[in-house]
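**Student:** Below: one structure in structure tokens.
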Amino acid sequence: MTGDQWDDVLRCLAEFDPVPSDVLRHAVERDGLCHTTHREGDPPEPDTADDPDRALAAHFCAGCPVQDECLALELHTAGAETHGIWGGFAEDDRRALHHIWARHRFADSETSDHEGGSLS
Ligand code: SF4
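Just so you know, my numbering puts 324 at position 97 of the sequence shown, and the rest follows in order with no gaps.
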């Protein structure tokens, strides 16, 4: 992933920083495709030039309406030890993202106060 693409993801994640994990978890469990829909068929054959988990994550989470909430929840709760496929990302990508995201959050917390929030 390029720096610009991470920037877009980080901007999106920043919206969820004030949202408590239990609120994120409720949204993911209520609306997440893997919680509400049984997927038919086999996963795609991975492009050998790409990470197979990346292709699987893109397939597994395609169309899920709470990908951002799911990604934020995983970063908040599993942190750098994240495993598996969550939020449309493979674990190697989420671990790389967690490193950048945690630095951004720390920098932001020094300049602002966040209070708890809610999802609509
Ligand atoms: S983003 Fe993927 S792992 Fe998360 S709830 Fe949606 S389908 Fe499930």
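C-beta: ideal position from N, C-alpha, C; glycine also. Only a predicted model underlies this, so the values are computations on that prediction, with no experimental measurement involved.
Is V255 closer than 8 Å to C297 when the C-beta atoms are compared?
**Tutor:** Within the sequence shown, the letter at position 70 stands for residue 297. Within the sequence shown, the letter at position 28 stands for residue 255. Taking 8 Å as the cut-off, the Cβ atoms of C297 and V255 count as close.
**Student:** Quick one, which of D278, R238, A329 and L302 has its alpha-carbon nearest R252's?
**Tutor:** Translated into positions along the sequence shown, residue 252 becomes position 25. When only C-alpha atoms are compared, the closest one is L302.
**Student:** DSSP three-state call for F243: helix, strand or coil?
**Tutor:** Taking the first residue of the sequence shown as 1, we reach residue 243 at position 16. Looking at F243 - three-state DSSP - the assignment turns out to be coil, as it is neither helix nor strand.
**Student:** Might you give, ordered along the chain, the residues of its own chain that have their beta carbon closer than 7 Å to the beta carbon of G406, omitting 5 neighbours on each side?
**Tutor:** The question about residue 406 has no answer, for the chain in this structure spans 228 to 347.
**Student:** Just to confirm the assignment, what range does the alpha helix (DSSP H) spanning A317 have?
**Tutor:** By 1-based counting over the sequence shown, the position of residue 317 is 90. Looking at the DSSP string, A317 is not in any alpha helix (DSSP H), and its letter there is neither H nor E.
**Student:** Could you have a look at A282 and say whether DSSP puts it in helix, strand or coil?
**Tutor:** Start at 1 with the first residue of the sequence shown, and residue 282 comes out as number 55. Helix at A282.
**Student:** With 16 other CB atoms within 10 Å as the buried threshold, where does G311 fall?
**Tutor:** Working through the sequence shown from its first residue, we reach residue 311 at position 84. Looking at its Cβ environment, which holds fewer than 16 other Cβ atoms inside 10 Å, G311 is exposed.
**Student:** Name the two residues that bound the continuous alpha helix (DSSP H) containing E256.
**Tutor:** Translated into positions along the sequence shown, residue 256 becomes position 29. First-last of the alpha helix (DSSP H) with E256: S248 to D258.
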